[in-house]
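Notes to accompany the following structure.
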């Protein structure tokens, strides 16, 4: 904020002590950014240059000079506009009487921002119109001010509920759900099938709505390094024995040695592998062995690796963890996560995952495969990602997942445990992958009761502790469910799939 801005509400002609530094000179003032213009700039970078909002926005805010309240306003503007893009484009098309895709890119982004303020941020209609027109004029789009004014006035003639009623009456069912909840139609259809396979046929709109809600901040206190009871401003996670949910405060200030931001689904994935029973004997460990060897195959960015390292350290006897991440900058993130958590001695390799596994056989006792996937379980966390994904992505991803699974089985010792994890509920990446693996490797693997293991590990998954994960809802092997599927709308976690297998 400039000096003149700071003085705008002060009596003129007086110099306040706060405007002077210790040497008597004027205190330098940071220029305060225009919140709406900042939000527009981020949207343009995301749209035109494939930037990631969760990486770009914090950097822009850090240099903005904005107060916390204005930072929150910008964050909601950016994330909300990205999440609800399909809905806003449909309404803009109707109000403009031409398809939104025909509008100039900046004009379209300005209108999306205006729509979000009017429909989801409780900004009065007249204020949303005026601010949107003003933003156009401040960003060299004065020539479009008339169009923007007309579109915004038509758009604000109805409330969100009234617009939804119009859409429901006029659009086919899947198209309506796609527009109403702002998801591509192919994702709507895929999520419907995944929910049905999990016995949640009536949950589709609840899941789509959850994808458009900002997720709570979850933290993990690494066992034997930190205690979740000592994390201020949090409550204990109902799912993870090491997890905490932030109620108030800045998560960055809470992160210290042994405390990290980590979704509860990722915590459970690591815990499932560590808690898997070995049938009375350590898997594949002979009397001459010093202990188990664990591998985190696709380790970046390192959150699960740090938790696995803590769990391995308290394993009896202590297990040796190794991590692998083929992407160099992500491998650096893994090393940093381990060093900050006190586990810098863990080796981090940078090899192609499947090639590394195929190079050795019978070496590992426990393997975590957090496989590359579509990420459909984390749409609430990465608001622009739903618009970048295509159904054709599945072909290459599922082929890679299959290769990783086959290589993991070959590199695992008899009795070893393999945790297959995706941040996606898509059936092609979850149940069908496990079913296909069992068909390719007949008699080689047992599928363990993942939810049951977590209950036994005191992960808070017992009856009444977490909706939908009680004893009556465990995905038992005999029920035909080869793993545990978490859901944002049920468990307040990312849509993680976890299946633990034991090699015979």
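In my numbering, the protein residues as written are 56 to 559. Even glycine gets a Cβ: it sits at the ideal position worked out from N, Cα and C.
Nearest-angstrom Cα separation, counted from residue j out to residue i
{"i": "residue 138", "j": "residue 559", "result": "45 Å"}
{"i": "residue 403", "j": "residue 390", "result": "7 Å"}
{"i": "residue 459", "j": "residue 374", "result": "23 Å"}
{"i": "residue 207", "j": "residue 150", "result": "8 Å"}
{"i": "residue 394", "j": "residue 212", "result": "56 Å"}
{"i": "residue 377", "j": "residue 439", "result": "33 Å"}
{"i": "residue 360", "j": "residue 369", "result": "14 Å"}
{"i": "residue 203", "j": "residue 166", "result": "7 Å"}
{"i": "residue 380", "j": "residue 405", "result": "5 Å"}
{"i": "residue 494", "j": "residue 90", "result": "56 Å"}
{"i": "residue 442", "j": "residue 233", "result": "12 Å"}
{"i": "residue 196", "j": "residue 162", "result": "7 Å"}
{"i": "residue 554", "j": "residue 349", "result": "17 Å"}
{"i": "residue 467", "j": "residue 260", "result": "41 Å"}
{"i": "residue 281", "j": "residue 288", "result": "15 Å"}
{"i": "residue 542", "j": "residue 115", "result": "32 Å"}
{"i": "residue 434", "j": "residue 444", "result": "11 Å"}
{"i": "residue 538", "j": "residue 504", "result": "7 Å"}
{"i": "residue 72", "j": "residue 266", "result": "Its pLDDT being 40, under 50, residue 72 is placed unreliably by the model, and nothing is read from it."}
is_contact[residue i, chain C] using C-beta, thresh 9 Å
{"i": "residue 245", "result": "Within the model displayed, chain C is absent; a lone protein chain is all it includes."}
Classification of residue i by the beta-carbon crowding that lies within 10 angstroms, buried from 16 upward
{"i": "residue 524", "result": "Since pLDDT at residue 524 reaches only 45, below the 50 mark, its modelled position is unreliable, and the value read off the structure follows with that caveat. Buried, by the Cβ-count rule."}
{"i": "residue 283", "result": "buried"}
{"i": "residue 248", "result": "exposed"}
{"i": "residue 540", "result": "buried"}
{"i": "residue 416", "result": "exposed"}
{"i": "residue 58", "result": "With a pLDDT of only 36 at residue 58, under the threshold of 50, the placement of this residue in the model should not be trusted, and no figure is reported."}
{"i": "residue 335", "result": "Summary for residue 335: the model assigns pLDDT 48, below 50, so the residue's position carries little reliability; its value from the coordinates is reported in the next sentence. Exposed, by the Cβ-count rule."}
{"i": "residue 307", "result": "exposed"}
{"i": "residue 156", "result": "exposed"}
{"i": "residue 174", "result": "buried"}
{"i": "residue 481", "result": "buried"}
{"i": "residue 358", "result": "buried"}
{"i": "residue 187", "result": "buried"}
{"i": "residue 110", "result": "exposed"}
{"i": "residue 104", "result": "exposed"}
{"i": "residue 290", "result": "exposed"}
{"i": "residue 410", "result": "exposed"}
{"i": "residue 545", "result": "buried"}
{"i": "residue 194", "result": "buried"}
Residue i and residue j closer than 9 Å at C-beta
{"i": "residue 575", "j": "residue 136", "result": "With the chain represented from 56 up to 559, any question about residue 575 goes unanswered, as that position is not in the structure."}
{"i": "residue 277", "j": "residue 365", "result": "yes"}
{"i": "residue 314", "j": "residue 295", "result": "no"}
{"i": "residue 430", "j": "residue 478", "result": "yes"}
{"i": "residue 243", "j": "residue 222", "result": "no"}
{"i": "residue 470", "j": "residue 551", "result": "no"}
{"i": "residue 500", "j": "residue 412", "result": "no"}
{"i": "residue 158", "j": "residue 129", "result": "no"}
{"i": "residue 250", "j": "residue 286", "result": "no"}
{"i": "residue 304", "j": "residue 317", "result": "no"}
{"i": "residue 112", "j": "residue 87", "result": "no"}
{"i": "residue 428", "j": "residue 347", "result": "no"}
{"i": "residue 423", "j": "residue 490", "result": "no"}
{"i": "residue 324", "j": "residue 510", "result": "no"}
{"i": "residue 425", "j": "residue 353", "result": "yes"}
{"i": "residue 190", "j": "residue 95", "result": "yes"}
Element boundaries [beta strand (DSSP E), containing residue i]
{"i": "residue 489", "result": "Per DSSP, residue 489 belongs to no beta strand (DSSP E); it is in the alpha helix (DSSP H), 486-495."}
{"i": "residue 473", "result": "467-477"}
{"i": "residue 267", "result": "Note, residue 267: premise wrong, no beta strand (DSSP E); not H, not E."}
{"i": "residue 402", "result": "402-404"}
{"i": "residue 348", "result": "348-351"}
{"i": "residue 301", "result": "298-301"}
{"i": "residue 375", "result": "375-379"}
{"i": "residue 552", "result": "552-558"}
Minimum C-alpha distance to residue i - residue among the options
{"i": "residue 238", "options": "316, 140, 180", "result": "140"}
{"i": "residue 273", "options": "376, 95, 548", "result": "548"}
{"i": "residue 371", "options": "358, 382, 329", "result": "329"}
{"i": "residue 384", "options": "161, 397, 355", "result": "355"}
{"i": "residue 508", "options": "326, 461, 420", "result": "326"}
{"i": "residue 269", "options": "321, 144, 127", "result": "127"}
{"i": "residue 474", "options": "450, 184, 322, 124", "result": "322"}
{"i": "residue 461", "options": "472, 444, 436, 496", "result": "496"}
{"i": "residue 153", "options": "425, 205, 190", "result": "205"}
{"i": "residue 311", "options": "256, 397, 367, 230", "result": "397"}
{"i": "residue 142", "options": "236, 172, 190, 98", "result": "236"}
{"i": "residue 219", "options": "386, 502, 231", "result": "231"}
{"i": "residue 200", "options": "418, 184, 320", "result": "184"}
First and last residue of the uninterrupted alpha helix (DSSP H) at residue i
{"i": "residue 410", "result": "408-414"}
{"i": "residue 241", "result": "240-252"}
{"i": "residue 365", "result": "358-368"}
{"i": "residue 206", "result": "200-210"}
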